[in-house]
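K.L.:
Residue numbers (the working numbering): 161 to 871. Sharing a structure with you now.
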């Protein structure tokens, strides 16, 4: 804001200097219009710009020496848009001659009409007003005057008086060639009452701020009283108020925001700035602050407390025309407040002792922006509780969300952020939560360490309390190439399976403890490309677990595999107990392949292999179970300890189907009876086989011989 004021005042001062030159030229030479070419030449020499005095210069004399101008313009410099840097419709200044005899400067009134400034930054970061700062550089400046002369100049200024300043219907246009962003300030009207040093001067400013291709525009009103010391060393603003009426397309009622500053002091000798009673009111949101600091040219340092009182973010977003997503919790984002100690310079921004309340979550810590040029962000936060699910889109039509681990969810969310934006930031952040709820899962004593720099992202997560066990994981992103590379490594230890499945809303019923780990890799420009490319290894071990929904022992009993190995508790309950269940799997193209599934029950040892399709959640496993030999019993011949028991697991993860290969069991069980029958009827079988060969043809009999063990 101060830089913009300096620019405006510099341009106005340039025009006023030209006017003063024209005044004194006119005073001594009667008709200033005869010397337009000389004035233009001087401006060309000093600024390198073309001055066009299209309007007529008019002179007035006693008792006020004054001059008025018509249209005039000042050209742009090379490398900027083909528009005038500044244009002016008319201006007027009058100076009382008699007070000059006593070294008093008495200006009646300064009027500037129709001023248009076209401010711009080009592709190499240069501004089209930079050439003004090069005028009278130290190398070119006149020799320094002595202290007496300087004191005399200051004393002369002490009797400066201006009847008033009026800038009417001015316009400022800002354009950045690099970003192609523009900002317009239209209908600017500035009124300054009678001005004198060391006395309060009333100031009023109105205007309209427009950002093209944006639904927002704001009408501004600024009022204040300022005091400029006679030695030009201090500048004070009292009772300042800036009101912005923000209109938004497709919204009926505008937002009225008011910024009030009770006092602002700029002290040049001390190079300090101090504000008090700063308050911003926008609808129901109130921001207050008291800031102090240092200021030297374009460099500053400010610090002080900032408080944002409790407000409703949901209502504020609606008033700003920001679309509010359909969140799972309709009461989410309805209450928030923030306080922090601000420490800011022209290069850095730091929020210390930060305290943020979002609904019923309390967050504390600090945040730092170490550079505005190449943003480096450092964040350290802790919170008591955060339920992320409240702020996620609502689940409609009773569709149950799929299970995502914390790191998988972070990986998917990262793909929704533009790569070029992520590559511009460097982040070093730590987040600690006493309790975190995400995707239905509860994580206690949760820690997140996130580092990102120039397209490389590394995240480490851990939860010491994860369903009576623990969780840890590492995630890395490499966005420096055409296709983003992802690597993920997660581990769970001694996790309670039943509670985990319940919170993840799985219909699959299982108990026990599980240890597991998975290492995944993938690459792609989109989430779909990533999913199709992900490969990895998965390892799991379940201990003392029960799978509900089927009873393997009862199924074997109904198949008459065993008549005395029935476990009464298992029959009474539809479940199967495993002392252990483990496997090593490979993930490719969305399918988990397992070739060494191993499980043990009280009576069976099971080996198997198969797959689960994560896209369709379909199961396809083939298992081979074998009875564990027990002590001899009267029915031991019926146990068939050496006979493999075939089993198929199909269906879906939520509704699996279990089936035994009963025909194979029966064949094995009656194998001895079939052999005895064949030996007893050997001659009859041979006769039947020969007759079939004669009628149907040779070869068929050999098939039958193989069936009966004959060669």
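For glycine and all other residues, C-beta sits at the position ideal for the given N, C-alpha and C.
Taking the straight line between their C-alpha atoms, what separation do you get for residue 743 and residue 751?
P.N.:
Rounded to the nearest angstrom, the two C-alpha atoms are 15 Å apart.
K.L.:
How long is the line joining the alpha carbons of residue 746 and residue 649, rounded to whole angstroms?
P.N.:
Whole-angstrom Cα-Cα distance: 14 Å.
K.L.:
In whole angstroms, what separates the C-alpha of residue 236 from that of residue 507?
P.N.:
Rounded to the nearest angstrom, the two C-alpha atoms are 30 Å apart.
K.L.:
Using 8 Å as the threshold, is the C-beta distance between residue 467 and residue 448 below it?
P.N.:
Yes, they are a contact pair.
K.L.:
Can you name the start and end residues of the beta strand (DSSP E) that residue 758 belongs to?
P.N.:
Looking at the DSSP string, the run of the beta strand (DSSP E) that includes residue 758 is 751 to 760.
K.L.:
Measure the Cβ-Cβ separation of residue 345 and residue 288 and say whether it is below 8 Å.
P.N.:
In this structure, residue 288 does not lie closer than 8 Å to residue 345 by Cβ.
K.L.:
Where residue 638 and residue 691 are concerned, what is the direct C-alpha to C-alpha distance, given to the nearest angstrom?
P.N.:
Taking the straight line joining both Cα atoms gives about 16 Å.
K.L.:
Relative to the C-alpha of residue 503, which candidate in 811, 523, 460, 677 has its C-alpha closest?
P.N.:
Residue 503 has its Cα closest to that of 460, out of 811, 523, 460, 677.
K.L.:
Going along the chain, which residues of its own chain have a beta-carbon closer than 7 Å to the beta-carbon of residue 511, five neighbours each way excluded?
P.N.:
Around residue 511: 500, 502, 526, 527.
K.L.:
Who are residue 597's beta bridge partners in DSSP?
P.N.:
The partner list for residue 597 (beta bridge, DSSP) reads 547, 602.
K.L.:
Considering only DSSP beta bridges, list what residue 809 is partnered with.
P.N.:
Looking at the DSSP assignment, residue 809 forms a beta bridge with 781, 818.
K.L.:
Taking the beta strand (DSSP E) that residue 369 falls in, what are its first and last residues?
P.N.:
Residues 361 to 370.
K.L.:
Hey, out of 415, 399, 596, whose CA is closest to residue 380's CA?
P.N.:
Residue 380 has its Cα closest to that of 415, out of 415, 399, 596.
K.L.:
With a threshold of 16 other CB atoms inside 10 Å of the CB of residue 477, please say whether the residue is buried or exposed.
P.N.:
Exposed is the call here.
K.L.:
Given that a residue counts as buried once 16 or more other Cβ atoms are within 10 Å of its Cβ, and exposed if not, what is residue 192?
P.N.:
Buried, because 16 or more other Cβ atoms sit within 10 Å of the Cβ of residue 192.
K.L.:
Give the single residue among 757, 374, 423 whose Cα lies nearest to the Cα of residue 406.
P.N.:
When only C-alpha atoms are compared, the closest one is 374.
K.L.:
Would you call the region 681 to 699 in contact with the region 658 to 672, where contact means no fewer than 3 C-beta pairs closer than 8 Å?
P.N.:
Segments in contact, no.
K.L.:
Between which two residues does the alpha helix (DSSP H) carrying residue 691 extend?
P.N.:
First-last of the alpha helix (DSSP H) with residue 691: 687 to 693.
K.L.:
Secondary structure at residue 773, three-state DSSP: helix, strand or coil?
P.N.:
If DSSP states are grouped into helix, strand and coil, residue 773 belongs with the strands.
K.L.:
Quick check: the Cα distance between residue 430 and residue 388, rounded to an integer number of angstroms?
P.N.:
Cα-Cα distance, rounded: 16 Å.
K.L.:
When we look at the beta-carbon of residue 491 and count the other beta-carbons within 10 Å, is it buried (16 or more) or exposed?
P.N.:
With fewer than 16 other Cβ atoms within 10 Å, it is exposed.
K.L.:
Counting C-beta neighbours from all protein chains within 10 Å, is the total for residue 566 16 or more, i.e. buried, or is it exposed?
P.N.:
Label assigned to residue 566: buried.
K.L.:
For residue 673, tell me which candidate among 194, 740, 645 has the shortest Cα-Cα distance.
P.N.:
Out of 194, 740, 645, 740 has the C-alpha closest to the C-alpha of residue 673.
K.L.:
What would DSSP say about residue 474, mapped onto helix, strand or coil?
P.N.:
Three-state DSSP puts residue 474 in a helix.
K.L.:
Using 8 Å as the threshold, is the C-beta distance between residue 812 and residue 777 below it?
P.N.:
Yes.
K.L.:
What are the start and end residues of each continuous beta strand (DSSP E) run of 3 or more residues lying completely inside the region 497 to 542, in chain order?
P.N.:
With a minimum length of 3 residues, the continuous beta strand (DSSP E) runs that stay inside the region 497 to 542 are 509 to 518, 521 to 529.
K.L.:
Using only the heavy atoms of the ligand ADP, determine whether one of them is closer than 7 Å to the beta carbon of residue 343.
P.N.:
The model on display carries no ligand, and the ligand ADP is accordingly not part of it.
K.L.:
What is the DSSP secondary structure of residue 393, reduced to helix, strand or coil?
P.N.:
In the structure shown, residue 393 sits in coil (DSSP, three-state: anything other than H, G, I, E or B).
K.L.:
Just the Cα atoms here: how many angstroms apart are residue 596 and residue 469?
P.N.:
If I take the Cα positions, the gap works out to 26 Å.
K.L.:
What would DSSP say about residue 480, mapped onto helix, strand or coil?
P.N.:
Residue state, collapsed to three classes: coil.
K.L.:
CA-CA distance, residue 328 and residue 370?
P.N.:
Rounded to whole angstroms, residue 328 to residue 370 spans 18 Å at the Cα level.
K.L.:
Relative to the C-alpha of residue 899, which residue among 335, 710, 203, 774 is closest?
P.N.:
This structure cannot speak to residue 899, because the chain is shown only from 161 to 871.
K.L.:
By Cβ distance below 6 Å, which residues in the same chain neighbour residue 536 in space, the five residues on each side in sequence not counted?
P.N.:
The answer, listed in chain order, is 530, 586.
K.L.:
Judging by CA-CA distance, which residue of 348, 367, 196, 652 is the nearest neighbour of residue 625?
P.N.:
Nearest option by C-alpha distance: 652.
K.L.:
Grab me the residues of residue 301's own chain with a C-beta within less than 8 Å of its C-beta, minus the 5 sequence neighbours each way, in chain order.
P.N.:
Interpretation of residue 301 is limited by its pLDDT of 44, a score under 50 that renders its predicted location unreliable; no figure is taken from the coordinates.
K.L.:
According to DSSP, is residue 429 part of a helix, a strand, or is it coil?
P.N.:
Of the three classes helix, strand and coil, the one that applies to residue 429 here is coil, per DSSP.
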